[in-house]
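Please read the structure below before turning to the comments.
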Amino acid sequence: MLRNNYYTYLIVTLLVFGCQNLKKVQKDYENQIGDTPFDKTRDNPNFKFCDSTKVLHKRAYIRYSGGEKALEEELIKKYNFQPNYRTFSGYFIIHFAVNCNNKTGRFRMEILDTNFRKTNCPEGLESQILSLAKSLENWHHAFYRGKDYDGYRFINIKMKNGKIVKS
Amino acid sequence: MKSIIFTVMLIITTTASISQVNCYIYPEGSPERQACELCDEAIKHPQGSKTSQLLFDKAIAVGPKFAWAYYEKSVPYFKRGFLLEGLEILNEAIQLKPLDYLCYRAYWYWQYRNYKLCIQDLETYYNMPKAFIQFTPGGEKDMRIILGLAYARTGDYKKGIKTIKDCLKTYDSEDDFGFADYHSLGMLYVKDKQYDNAINALEKQLLINKDIADTYYYLGLAHLKKNNKTKALNYFQKGFKKLKDEGRYRNTNAGFYVYPSDFEEVLITLKSD
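For the record, the sequence lines run as chains R and X.
If you read the first sequence in my numbering, its first letter stands for residue 21, the second for the next number, and so on.
If you read the second sequence in my numbering, its first letter stands for residue 128, the second for the next number, and so on.
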C-alpha cells in the first residue's frame, strides 16, 4: 500500500513538474508575434487579407489621412461621454489589421489601468471604444519597398476620468 | 578630439547593454555561454518570428540568468502593441540587470504615454550609483531629456526645464548635444511662458539643426507672446514650409507635436489681424 502510494506520488510529481517545465519552455507562437487568426465568434468574415502569407508588422507604414492628429480628433469628435465613464482612467490598446484595400478587421482590445495592469471599464465604454476604432475608415495600407501590403497596427487610447487624453 | 572620444564612449556605454552581447566573455559550456549563443542564432531570424522566439525560449531554459535573452524576446511585443506580454518578459531582465534594462522599460512607458511610470523608472535609474548615460533605442535623445519631457507631460514644466538643463550641463561642449536638445529645452520654456529664454534656446537650436518644423512654430509663438507679430509670422511661415519638406528632421520622441492644423490656425489668425 505504502509502496503504491509512493509510486503514485512520484508519478504525480513528475507530471506536475514536467508539465510546468514544458509550459515554461514550449509556447505556442503564431508565425509572427501579433498574427491574429480569424475567430468566427468576433471577426467579420468579409474582411480578407490580399495575401495572408505576407502580412507586415511595420506599424509606421500604415498611415491615417491627416496623420495621427486627425485620427485622434476623429476619435474625440465621435466619442460620446457618459457620466458613469468618469470612474475610468487608463488605456485601451487596440490591435487590428489593415488590408491592401484599406479595410480593417481582426480587432482585439486590451484595457489597462494607470499602472498598466489589466482592468475593466464601466459598462458601455468598452463596446463604444471598440466601435469607434472600427469606424475609422481613412487608413492607407502599407506600401513597402515598392509593393502594397496588408499589415497589422495598433492604437493606444489614453483616458482620464472617462475623457480621451490628447497625445 | 575630446568630443570624438566622448562620442565613442557614449556609443560604447549606451550600446553595451542592449546591442549584441559578446558570448566569448562567458566560460565555454556555461549556461550563459549556451544561452548567449542561442540568442545569437535567434537574432539571425526575423524579429518576432516563431523561430526566433522559440530560440529565445530555449536560451532562457538553458541560461535563466542570462538577461539579454529576456530583453531581446520582449522587443517585438512592445513594438507591436503587446505591452503586457512585453513587460512580463522584460521585467525578468530588469530583475537580473536593472542597470542595463530599466531605461528600456522607461522608454516603452514613455512611448505608451504612461509618464508617471516612465518618471518612476528613470528616477530610480538615475539614483543608482552606477547609472551611466543611456539613450532612446534610436539613439536620438539622452534618456535624461526624456525624463525632462516626461515631467513636462505631467504639467511640471519647471522640473522638465531643470532636468534638461542639468543634462546638457554634463556635456563637455555643444558638439555633444543631440540634434533636438535645444529644441526640447526651448519648447518647454515656451510652455512655461519664459519667452526670452525660449527664443535664446530655439535660436541656438537653429545653429545646430534648422530642419525641425516645430522649432519655427515655437519661435513664432514666443515672438507672438512678445508682440513681435512680423517675426512671429515669418517663423510660422518658415515652419509650415518646413513641415512639407520631405527632408526635414522628424524629431522622434519630441514629447509634444505640432501638426499642420496648428500652423494653419496661427497663420489664419495672424493674417486676419
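Glycine is no exception: its CB is placed at the ideal position from the N, C-alpha and C atoms.
Rounded distance between the beta-carbons of residue j and residue i, thought under 8 angstroms
{"i": "glycine 171 of chain R", "j": "leucine 76 of chain R", "result": "4 angstroms"}
{"i": "leucine 145 of chain R", "j": "tyrosine 111 of chain R", "result": "Actually they are not in contact, since the Cβ atoms of leucine 145 of chain R and tyrosine 111 of chain R sit about 12 angstroms apart, beyond 8 angstroms."}
{"i": "alanine 279 of chain X", "j": "lysine 318 of chain X", "result": "6 angstroms"}
{"i": "alanine 117 of chain R", "j": "threonine 56 of chain R", "result": "7 angstroms"}
{"i": "alanine 325 of chain X", "j": "alanine 349 of chain X", "result": "4 angstroms"}
{"i": "lysine 177 of chain X", "j": "tyrosine 49 of chain R", "result": "4 angstroms"}
{"i": "isoleucine 53 of chain R", "j": "arginine 173 of chain R", "result": "Between arginine 173 of chain R and isoleucine 53 of chain R the Cβ distance is about 14 angstroms, and since that is not below 8 angstroms, they are no contact."}
{"i": "proline 264 of chain X", "j": "tyrosine 309 of chain X", "result": "Actually they do not touch by this definition, with Cβ atoms about 22 angstroms apart."}
{"i": "serine 187 of chain R", "j": "lysine 98 of chain R", "result": "17 angstroms between Cβ atoms; not a contact."}
{"i": "glycine 282 of chain X", "j": "serine 311 of chain X", "result": "At roughly 16 angstroms, the Cβ-Cβ gap does not stay under 8 angstroms, so glycine 282 of chain X and serine 311 of chain X are not in contact."}
{"i": "alanine 194 of chain X", "j": "tryptophan 237 of chain X", "result": "Not confirmed; about 21 angstroms, so no contact."}
{"i": "leucine 214 of chain X", "j": "phenylalanine 136 of chain R", "result": "7 angstroms"}
{"i": "lysine 78 of chain R", "j": "asparagine 119 of chain R", "result": "At roughly 15 angstroms, the Cβ-Cβ gap does not stay under 8 angstroms, so lysine 78 of chain R and asparagine 119 of chain R are not in contact."}
Contacts of residue i in chain R (Cβ-Cβ under 9 angstroms)
{"i": "phenylalanine 209 of chain X", "result": "Ile53, Gly54, Ile113, His115, Glu130 and Phe174"}
{"i": "tyrosine 204 of chain X", "result": "Ile53 and Gly54"}
8 angstroms CB neighbourhood of residue i in its chain, flanking five on each side removed
{"i": "phenylalanine 108 of chain R", "result": "Cys141, Pro142, Leu145, Met179, Asn181 and Gly182"}
{"i": "lysine 239 of chain X", "result": "Note that residue 239 of chain X is tyrosine in the sequence shown, not lysine. Here the set comprises Leu210."}
{"i": "leucine 397 of chain X", "result": "Leu351, Lys356, Ala359, Leu360 and Phe363"}
{"i": "valine 189 of chain X", "result": "Pro158, Gln161, Ala162 and Leu165"}
{"i": "lysine 257 of chain X", "result": "Leu226"}
{"i": "glycine 305 of chain X", "result": "Glu267, Lys268, Asp269 and Ile272"}
7 angstroms Cβ shell around residue i - same chain, five flanking residues per side excluded
{"i": "glutamate 164 of chain X", "result": "Cys150"}
{"i": "threonine 200 of chain X", "result": "Here residue 200 of chain X turns out to be lysine, not threonine, going by the sequence shown. The residues are Gln180, Phe183 and Ile216."}
{"i": "threonine 251 of chain X", "result": "Leu229"}
{"i": "proline 387 of chain X", "result": "Leu370"}
{"i": "threonine 185 of chain R", "result": "Note that residue 185 of chain R is valine in the sequence shown, not threonine. These residues qualify, in order along the chain: Lys178 and Met179."}
{"i": "glutamate 392 of chain X", "result": "none"}
{"i": "aspartate 63 of chain R", "result": "Gly125 and Arg126"}
{"i": "aspartate 133 of chain R", "result": "Gly110 and Thr139"}
{"i": "aspartate 323 of chain X", "result": "none"}
{"i": "glutamate 168 of chain X", "result": "Leu182"}
{"i": "proline 103 of chain R", "result": "none"}
Cβ shell of residue i (< 6 angstroms), same chain only, five flanking positions each side left out
{"i": "isoleucine 175 of chain R", "result": "Ile114"}
{"i": "leucine 394 of chain X", "result": "Phe363"}
{"i": "glutamate 219 of chain X", "result": "Tyr197"}
{"i": "tyrosine 344 of chain X", "result": "Gly366 and Val385"}
{"i": "glutamine 46 of chain R", "result": "Caution applies to glutamine 46 of chain R, whose pLDDT of 48 falls short of 50 and renders its modelled position unreliable; the value that the coordinates give is listed next. For glutamine 46 of chain R, where only same-chain residues beyond five positions count, there are no Cβ hits under 6 angstroms."}
Beta-carbon neighbours of residue i, restricted to chain R and to distances below 8 angstroms
{"i": "lysine 177 of chain X", "result": "Tyr49, Glu50, Asn51 and Gln52"}
{"i": "tyrosine 376 of chain X", "result": "Within chain R, no residue comes near tyrosine 376 of chain X; the closest Cβ sits about 16 angstroms away, beyond 8 angstroms."}
Neighbour list for residue i in chain X, Cβ cutoff strictly below 7 angstroms
{"i": "histidine 77 of chain R", "result": "Gly175 and Arg207"}
{"i": "lysine 178 of chain R", "result": "Arg240"}
{"i": "serine 187 of chain R", "result": "Arg240"}
Interface partners of residue i on chain R, CB under 7 angstroms
{"i": "glutamine 147 of chain X", "result": "Correct list: empty, because the minimum Cβ distance to chain R is about 20 angstroms."}
{"i": "serine 388 of chain X", "result": "Lys89"}
{"i": "glutamine 321 of chain X", "result": "Chain R residues near glutamine 321 of chain X: none, gap ~23 angstroms exceeds 7 angstroms."}
{"i": "glutamine 180 of chain X", "result": "Tyr49 and Ile53"}
{"i": "aspartate 79 of chain X", "result": "The question about residue 79 of chain X has no answer, for chain X in this structure spans 128 to 400."}
Buried versus exposed, by CB contacts within 10 Å (16 or more), residue i
{"i": "methionine 314 of chain X", "result": "buried"}
{"i": "asparagine 100 of chain R", "result": "exposed"}
{"i": "histidine 160 of chain R", "result": "exposed"}
{"i": "isoleucine 339 of chain X", "result": "buried"}
{"i": "isoleucine 221 of chain X", "result": "buried"}
{"i": "glutamate 159 of chain X", "result": "buried"}
{"i": "isoleucine 132 of chain X", "result": "Confidence is the limiting factor: at isoleucine 132 of chain X the pLDDT is only 39, short of 50, which leaves the residue's position unreliable and the question unanswerable from this model."}
{"i": "proline 203 of chain X", "result": "buried"}
{"i": "methionine 270 of chain X", "result": "buried"}
{"i": "proline 80 of chain R", "result": "Looking at the sequence shown, residue 80 of chain R is not proline but alanine. Result: exposed."}
{"i": "glutamate 130 of chain R", "result": "buried"}
{"i": "glutamate 301 of chain X", "result": "exposed"}
{"i": "leucine 329 of chain X", "result": "buried"}
Cross-chain neighbours of residue i in chain X, by beta carbon under 9 angstroms
{"i": "phenylalanine 136 of chain R", "result": "Leu210, Leu211, Leu214, Tyr236, Tyr239, Asn241 and Leu244"}
Chain X residues whose Cβ lies nearer than 8 angstroms to that of residue i
{"i": "serine 151 of chain R", "result": "Those within 8 angstroms of serine 151 of chain R in chain X number zero; the least Cβ separation is about 19 angstroms."}
Quiz item: Of all the residues that make up the segment 55–72 of chain R, which are near chain X by a beta-carbon distance shorter than 8 angstroms?
Solution: none
Exercise. Note down, in chain order, all residues in the segment 235–269 of chain X with a beta-carbon under 8 angstroms from any beta-carbon belonging to chain R.
Key: Tyr236, Tyr239, Arg240, Asn241, Lys243 and Leu244
Quiz item: Of the residues that make up the segment 211–225 of chain X, which ones have a beta carbon closer than 9 angstroms to any beta carbon in chain R?
Solution: Leu211, Glu212 and Leu214
Quiz item: Listed in chain order, which residues of the segment 332–343 of chain X have Cβ atoms closer than 7 angstroms to some Cβ of chain R?
Solution: none
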